[in-house]
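What follows is one structure encoded as structure tokens, with my remarks underneath.
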Amino acid sequence: MENVALFFHLLGAFSFVAGTIVAAVAFESARRRTAPSEMALLLGLSRIGILLVAVGTLVVLAFGLWLVHLGAWGYGAGWIDAALGLLAATLVIGTIGGQRPKRARKLAVRLAAEGAPATPELRALLDELLERATLPHRVYSHSWSIGDTVIWDNQGVLHRAAPYDPDSQREMLRTTVLGDEPIQ
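According to our numbering, the sequence shown is numbered sequentially starting from -5.
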């Protein structure tokens, strides 16, 4: 029975992660569009991701609790309490964070039905997080000189390449180090 419970517990975890990715990709795709009808369609697709998250959460919780019951850990084990607390915190943060995309979807649907262009309010709902993350005091823009080397942590920064002359000489090297580093 433990194998069955573990299988469904992991299946729920995959559903949770897949749903998060679907919702994020749909939201980012909508953010890059200009027509409210396209935005409404993509934001509507993000609801599929939210459904996957909800189903994944229920499956993870149900089969995770069953695993605890089947195993020798008990409900008082610190890591089980921490996992339940983390799941609860994730759901609360996701619910709060999901209000802005929900409002953007409703506004995009209304604007599309009216045949109206995207409004500044809709753009603000879609762009607020990226604008907050890229405030001037949070941005480093490098002025290149010959021989410069720039190193960054892919897990700790939001980064992109600025336009550059395609005929210029560039050399990019990548190093991957095992392990996790907390983002501070």
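Idealized CB from N, CA, C, for every residue including glycine.
If you're wondering where the values come from, they're calculated on a predicted model, not measured in any experiment.
- request: Count the other CB atoms, across all protein chains shown, that sit within 10 Å of the CB of L129; report buried if there are 16 or more and exposed otherwise.
  value: exposed
- request: Compute the Euclidean distance between the alpha carbons of I140 and Q163, then round it to the nearest angstrom.
  value: 10 Å
query: Whole-angstrom Cβ separation of F21 and S40, contact assumed at under 8 Å?
result: 5 Å
- prompt: Would the beta-carbon of G72 fall within 8 Å of that of L46?
  reply: no
field: For L37, the nearest candidate out of A24, R104 and V151 (CA to CA)
entry: A24
field: Residue nearest to L64 in terms of C-alpha spacing, selected from L80, M(-5) and L167
entry: M(-5)
- request: Less than 8 Å between the CB atoms is what I'm expecting for L116 and L105, so what's the real figure, rounded?
  value: 7 Å
Three-state secondary structure assigned by DSSP to V49: Three-state DSSP puts V49 in a helix.
- prompt: Between H153 and the rest of its own chain, which residues show a CB-CB distance below 8 Å, the 5 nearest in sequence each way excluded?
  reply: W146
- prompt: Is the shortest distance between the beta-carbon of E165 and the beta-carbons of chain C less than 8 Å?
  reply: Annotation note: the requested chain C is absent from the structure, which comprises a single protein chain.
- prompt: Would DSSP call Q93 helix, strand or coil?
  reply: helix
- prompt: So, helix, strand or coil for I15, using DSSP?
  reply: helix
query: Which same chain residues, not among the five before or five after V16, have their C-beta less than 8 Å away from its C-beta?
result: L39, S40, I42, G43 and L46
field: 7 Å CB neighbourhood of I74 in its chain, flanking five on each side removed
entry: Taking I74 as the centre and dropping the five residues before and after it, the same chain places the C-beta of V62 and W67 closer than 7 Å to its C-beta, in chain order.
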